[in-house]
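Under the numbering used here, the residue at position 40 of the sequence shown is numbered 40, and the numbers go up by one with no gaps.
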Amino acid sequence: MRGIIVLLLTAALLIGCTSVGTLGIVTKSTGDPGAMLRNAQPYKELGAVQGGACRFFALGVAPWGNATLSTAVDNALSNVGGDALINVTVSNSLYGFVPIYNIFTYTCTDVNGIAIKFEKN
1 MRGIIVLLLT
11 AALLIGCTSV
21 GTLGIVTKST
31 GDPGAMLRNA
41 QPYKELGAVQ
51 GGACRFFALG
61 VAPWGNATLS
71 TAVDNALSNV
81 GGDALINVTV
91 SNSLYGFVPI
101 YNIFTYTCTD
111 VNGIAIKFEK
121 N
(Lines of atoms letter the chains of each structure in order from A and count residues from 1; the text may use other names and numbers.)
(Lines give C-alpha, C1' and ligand atoms only; values in the text may rest on other atoms or scores of the structure.)
Protein backbone atom coordinates (compact mmCIF):
# COMPACT_ATOMS: atom_id res chain seq x y z
CA MET A 1 0.00 0.00 0.00
CA ARG A 2 2.82 2.37 0.89
CA GLY A 3 4.42 1.75 -2.52
CA ILE A 4 1.22 2.71 -4.33
CA ILE A 5 0.97 5.97 -2.38
CA VAL A 6 4.60 6.84 -3.18
CA LEU A 7 3.98 6.06 -6.86
CA LEU A 8 0.86 8.24 -6.98
CA LEU A 9 2.63 11.15 -5.25
CA THR A 10 5.56 10.89 -7.66
CA ALA A 11 3.22 10.86 -10.65
CA ALA A 12 1.36 13.90 -9.30
CA LEU A 13 4.62 15.85 -8.93
CA LEU A 14 6.07 15.02 -12.36
CA ILE A 15 3.64 15.54 -15.21
CA GLY A 16 4.30 15.93 -18.93
CA CYS A 17 2.81 15.47 -22.35
CA THR A 18 4.07 15.26 -25.93
CA SER A 19 2.50 15.84 -29.33
CA VAL A 20 4.03 14.67 -32.61
CA GLY A 21 3.35 15.72 -36.20
CA THR A 22 4.94 15.45 -39.65
CA LEU A 23 5.75 17.99 -42.36
CA GLY A 24 6.97 17.62 -45.94
CA ILE A 25 9.56 20.42 -46.07
CA VAL A 26 10.78 23.10 -43.65
CA THR A 27 13.37 25.73 -44.59
CA LYS A 28 15.74 27.75 -42.44
CA SER A 29 14.23 30.86 -40.92
CA THR A 30 16.25 32.99 -43.37
CA GLY A 31 15.17 31.00 -46.45
CA ASP A 32 12.48 31.81 -49.02
CA PRO A 33 10.60 28.53 -49.46
CA GLY A 34 8.24 29.98 -52.07
CA ALA A 35 11.08 30.95 -54.41
CA MET A 36 12.88 27.65 -53.90
CA LEU A 37 9.80 25.61 -54.80
CA ARG A 38 8.63 27.94 -57.58
CA ASN A 39 12.01 27.68 -59.32
CA ALA A 40 12.14 23.90 -58.78
CA GLN A 41 15.72 24.11 -57.54
CA PRO A 42 17.61 20.82 -57.51
CA TYR A 43 19.01 19.75 -54.16
CA LYS A 44 21.51 17.37 -52.62
CA GLU A 45 20.67 15.26 -49.56
CA LEU A 46 23.11 15.74 -46.69
CA GLY A 47 21.75 13.03 -44.39
CA ALA A 48 19.56 12.63 -41.34
CA VAL A 49 19.75 15.35 -38.69
CA GLN A 50 18.01 16.30 -35.51
CA GLY A 51 17.77 19.49 -33.52
CA GLY A 52 15.92 20.94 -30.61
CA ALA A 53 15.08 24.09 -28.71
CA CYS A 54 13.72 24.56 -25.18
CA ARG A 55 12.02 27.27 -23.14
CA PHE A 56 12.00 27.22 -19.34
CA PHE A 57 9.64 28.83 -16.81
CA ALA A 58 10.40 29.46 -13.14
CA LEU A 59 7.37 30.10 -10.94
CA GLY A 60 5.31 30.61 -14.10
CA VAL A 61 6.50 34.20 -14.54
CA ALA A 62 10.20 34.11 -15.40
CA PRO A 63 10.65 32.54 -18.87
CA TRP A 64 13.95 32.07 -20.69
CA GLY A 65 14.96 30.24 -23.84
CA ASN A 66 13.31 29.85 -27.23
CA ALA A 67 11.32 26.72 -28.13
CA THR A 68 10.08 27.79 -31.57
CA LEU A 69 10.08 25.46 -34.57
CA SER A 70 12.36 27.83 -36.51
CA THR A 71 15.00 27.70 -33.75
CA ALA A 72 14.89 23.89 -33.65
CA VAL A 73 15.22 23.73 -37.47
CA ASP A 74 18.10 26.23 -37.48
CA ASN A 75 19.87 24.18 -34.77
CA ALA A 76 19.41 20.96 -36.77
CA LEU A 77 20.76 22.52 -39.98
CA SER A 78 23.66 24.43 -38.42
CA ASN A 79 25.84 21.33 -38.04
CA VAL A 80 25.65 20.30 -41.71
CA GLY A 81 25.16 23.65 -43.47
CA GLY A 82 21.82 22.64 -44.97
CA ASP A 83 19.13 24.91 -46.39
CA ALA A 84 16.03 22.88 -45.47
CA LEU A 85 14.67 19.66 -44.00
CA ILE A 86 12.47 17.16 -45.81
CA ASN A 87 10.37 14.33 -44.36
CA VAL A 88 10.27 16.18 -41.04
CA THR A 89 8.93 14.87 -37.74
CA VAL A 90 8.20 17.53 -35.12
CA SER A 91 7.51 16.84 -31.46
CA ASN A 92 6.52 19.32 -28.78
CA SER A 93 6.88 18.31 -25.15
CA LEU A 94 5.79 20.05 -21.97
CA TYR A 95 7.03 18.98 -18.56
CA GLY A 96 5.95 20.30 -15.20
CA PHE A 97 7.48 19.76 -11.79
CA VAL A 98 5.00 20.30 -8.97
CA PRO A 99 2.46 21.50 -11.58
CA ILE A 100 -0.15 22.60 -9.06
CA TYR A 101 2.14 25.41 -7.92
CA ASN A 102 3.94 25.81 -11.27
CA ILE A 103 7.36 25.78 -9.56
CA PHE A 104 9.30 24.86 -12.71
CA THR A 105 8.15 23.87 -16.19
CA TYR A 106 9.80 23.58 -19.55
CA THR A 107 8.73 22.97 -23.11
CA CYS A 108 10.89 21.62 -25.91
CA THR A 109 10.48 21.40 -29.68
CA ASP A 110 12.45 18.63 -31.41
CA VAL A 111 12.80 18.08 -35.16
CA ASN A 112 14.12 15.09 -37.11
CA GLY A 113 14.49 14.97 -40.86
CA ILE A 114 16.79 14.78 -43.86
CA ALA A 115 18.91 17.88 -44.40
CA ILE A 116 19.17 19.15 -47.97
CA LYS A 117 21.29 21.79 -49.69
CA PHE A 118 19.82 23.61 -52.69
CA GLU A 119 22.13 23.64 -55.72
CA LYS A 120 22.56 26.59 -58.05
CA ASN A 121 20.80 26.28 -61.42
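Beta carbons: idealized from backbone N, C-alpha and C, even for Gly.
Is the number of C-beta pairs between the segment 64 to 73 and the segment 35 to 46 that are closer than 8 Å three or more?
no
### Task
Assign I116 to one of two classes, buried (16 or more other C-beta atoms within 10 Å of its C-beta) or exposed (fewer than that).
buried
What residue range is occupied by the uninterrupted beta strand (DSSP E) comprising T109?
-> F104 to F118
query = Which residue from P63, A40, N79 and K120 puts its Cα closest to that of Q50?
reply = N79
Practice problem: Taking only runs that begin and end inside the segment 18 to 90, name each unbroken beta strand (DSSP E) of 3 or more residues, in chain order. | Solution: 43 to 58 and 62 to 65
D110 Cβ short of 7 Å to the ligand NAP heavy atom set: Although the ligand NAP was asked about, the structure shown includes no ligands whatsoever.
| L59: buried (16+ other C-beta within 10 angstroms of its C-beta) or exposed? | exposed
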